[in-house]
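*Asks:* First the structure, which I've put down as structure tokens, then a few questions once you've had a look.
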Amino acid sequence: MRSMNVAERRARLGLRHRLCPPARTDDVPEIARSTVVLHATDPATVFLSVAARSTGIGPEPVERALYDDRTLLRMLAMRRTMFVAPVELVPVLQASTANALAARQRAAYARIIERGSDITDAAAWYARAEEAAHRALLARGEATGAQLSADEPLLRTQVDPAPGKSYSRPTNVTTWILVTLGCEGRIVRGRPNGSWASSQYRWAPVEKWLPSGIEEVPAGAARAELVRRWLRAFGPAPVSDLKWWTGWNAGDVRKALAELDVTEVDLGGVTGVVLSDDLEPSPVPEPWAALLPALDATPMGWRERGWFLGDHGPLLFDRNGNIGPTVWWDGRIVGGWAQRRDGEIAVRLLEDVGSDAEAAVEREAARVRDWYGDVRATPRFRTPLERELTS
């Protein structure tokens with residue numbers, strides 16, 4: 033069995049994820065492809081992930097790719113997580129993951145509505161509300177959730193999500209309906225109502241972004257293609273990492289792998305898989321530094337992170353498994369960072385990395401500070417070190 037050690041995995045990470053300077057690019061969609069998709073639960077993450085992998089651009093090219101050229105699309109997919117995907121990958125994500133997610137979302141919300149309101153046939157009511165919301169959005173062309181709720185009475189329906197509980201408060205169903213329509217690929221999140229760090233989006237019919245809609249792809253073929261892309265970006269890795277990243281059941285993962293030509297490799301006592309045409313040793317880049325934002329696609333690409341995280345997890349993750357802003361040196365995490373209220377980028381190294389590394393990290397911190405400009409953005413999920421650095 034071919035062995036692939038930690039050094040080789042770190043070299044691949046730096047090159048394939050475009051984190052070392054020779055691999056960086058100002059092609060925003062290509063940056064997204066380098067990690068399959070960009071993590072987008074926190075809106076600022078998309079922009080700061082591009083910043084770490086580019087050479088000299090600012091936020092404007094990212095906004096242009098998202099909202100003008102529309103070569104990127106924001107959508108819910110794996111693990112019910114928000115991602116920004118290259119448009120050519122959208123049909124794959126829709127068929128492999130989002131369609132099933134839409135069905136689960138619809139069923140879950142219908143149960144809550146039936147339990148917390150006087151609506152008896154919640155599934156039928158939910159379907160009517162979806163159609164009404166879609167008609168209202170088509171009439172406007174683009175709208176916020178508040179605007180659609182004002183237009184359509186069904187969206188103003190109030191539901192008690194936890195009947196009998198002291199903490200429960202009546203909830204408007206607008207967001208539930210729009211999220212489900214988005215999962216189904218009928219509507220998309222457009223430009224935000226504020227800076228690039230804002231999470232308040234306007235919605236648009238999918239045809240406004242993709243004139244022909246989302247191409248239908250067989251689910252099995254879509255899962256195989258998504259696994260192929262993940263292995264190219266994140267392989268070699270244990271199958272358990274792939275199962276975690278996709279959020280699929282073990283059977284779907286096995287079927288997808290069976291469609292591909294893969295080879296088992298030894299990852300220091302753990303068996304991993306890699307595409308069979310991807311067994312050649314990776315070139316070794318010069319040592320590199322990077323400041324990655326909270327929930328960046330690189331550290332969130334694997335479940336088992338010991339080979340690049342070391343023992344720094346307690347300071348850099350919250351209790352729910354969300355990673356905060358991280359400092360990288362030569363393929364491993366060596367510290368964390370945060371943006372303070374005055375715009376300063378505060379960095380703390382958690383181990384001795386030497387003067388050359390410290391200087392490289394300082395240069396990366398200056399790049400991040402320039403990218404933010406006047407924008408201030410606090411990560412949605414806060415970690416112990418990020419809180420310390422901003423206290």
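Heads up, the sequence shown is in this note's numbering, so the first residue is 33 and it goes up one at a time. Glycine included, each C-beta is placed from N, C-alpha and C at the ideal position.
#1: Can you tell me where the alpha helix (DSSP H) with GLN179 in it begins and where it stops?
#2: In angstroms with no decimal places, state the Cα-to-Cα distance between LEU382 and PRO416.
#3: Could you please give me the residues that DSSP links to GLN190 through a beta bridge?
#4: When we look at the beta-carbon of GLN126 and count the other beta-carbons within 10 Å, is it buried (16 or more) or exposed?
#5: Would you identify the three-state DSSP class for SER244, choosing helix, strand or coil?
#6: If you measure between the beta carbons of SER424 and ASP74, is that distance less than 9 Å?
#7: According to DSSP, simplified to helix, strand and coil, what is GLY226?
#8: Which one of ALA326, TRP320, ILE355 and LEU323 has the shortest CA to CA distance from ARG335?
#9: Among GLU62, SER314 and GLY338, which one has its Cα closest to the Cα of ASP273?
#10: So, VAL302 versus VAL294, is the Cβ gap smaller than 9 Å?
#11: Taking GLU418 as the reference, give the member of TRP403, VAL379, ALA109 and ARG395 with the closest Cα.
#12: Assign ASP384 to one of two classes, buried (16 or more other C-beta atoms within 10 Å of its C-beta) or exposed (fewer than that).
#13: Locate the beta strand (DSSP E) running through ARG364, then write down its first and last residues.
#14: Under the rule that 16 or more other beta-carbon atoms within 10 Å means buried, what is THR77, buried or exposed?
#15: In whole angstroms, what separates the C-alpha of LEU51 from that of ALA253?
#16: Would you mind stating whether LEU421 and ALA370 have Cβ atoms separated by less than 9 Å?
#17: Give every residue of the same chain whose Cβ lies closer than 6 Å to the Cβ of ALA168, excluding the five residues on either side of it in the sequence, and list them in chain order.
#18: Hey, quick one: how far does the alpha helix (DSSP H) through ILE145 stretch, first residue to last?
#19: With H, G and I counted as helix, E and B as strand and the rest as coil, what does DSSP make of GLU174?
*Replies:* With the structure as the only source:
#1: For this step, residue 179 is matched to residue 147 along the sequence shown. Where GLN179 is concerned, the enclosing alpha helix (DSSP H) stretches over 177-183.
#2: Taking the first residue of the sequence shown as 1, we reach residue 382 at position 350. Taking the first residue of the sequence shown as 1, we reach residue 416 at position 384. Near 13 Å, if we compare the C-alpha coordinates of PRO416 and LEU382.
#3: Counted from its first residue, the sequence shown places residue 190 at position 158. In the DSSP output, where bridge partners are listed per residue, GLN190 has ASN204.
#4: Taking the sequence shown and counting its residues from 1, one reaches residue 126 at position 94. That one is buried.
#5: Indexing the sequence shown from 1 puts residue 244 at position 212. Correct three-state label for SER244: coil.
#6: Only positions 33 to 423 of the chain appear in the structure, and residue 424 is not among them; the question remains open.
#7: Along the sequence shown, read from residue 1 onward, the residue named residue 226 stands at position 194. In this structure, GLY226 counts as coil in the three-state DSSP scheme.
#8: What you label residue 335 is simply residue 303 of the sequence shown in a count that begins at 1. Looking at the Cα atoms, ILE355 is the closest of the given residues.
#9: Numbered from its first residue, the sequence shown carries residue 273 at position 241. When each option's Cα is compared against that of ASP273, the closest is GLY338.
#10: Here residue 302 refers to the residue found at position 270 when the sequence shown is read from its first residue. Here residue 294 refers to the residue found at position 262 when the sequence shown is read from its first residue. No.
#11: Locating residue 418 in the sequence shown gives position 386, counting from the first residue. Closest by alpha carbon: VAL379.
#12: As a working mapping, residue 384 is identified with position 352 in the sequence shown. Flag for ASP384 reads exposed.
#13: Translated into the one-based positions of the sequence shown, residue 364 becomes position 332. Looking at the DSSP string, the run of the beta strand (DSSP E) that includes ARG364 is 364-371.
#14: Here residue 77 is taken as the residue at index 45 of the sequence shown, counted from 1. THR77 is buried by the Cβ-count criterion.
#15: Locating residue 51 in the sequence shown gives position 19, counting from the first residue. Locating residue 253 in the sequence shown gives position 221, counting from the first residue. When rounded, the distance between both Cα atoms is 30 Å.
#16: For the purposes of this step, residue 421 is taken as the residue at position 389 of the sequence shown. For the purposes of this step, residue 370 is taken as the residue at position 338 of the sequence shown. Their beta carbons are under 9 Å apart, which means LEU421 touches ALA370 by this criterion.
#17: For the purposes of this step, residue 168 is identified with residue 136 of the sequence shown, where counting begins at 1. These residues qualify, in order along the chain: LEU180, ASP183 and GLU184.
#18: In the sequence shown, counting from the first residue as 1, residue 145 sits at position 113. Counting along the chain, the alpha helix (DSSP H) containing ILE145 begins and ends at 131-148.
#19: The residue given as residue 174 occupies position 142 in the sequence shown. The answer is coil: DSSP assigns GLU174 none of H, G, I, E or B.
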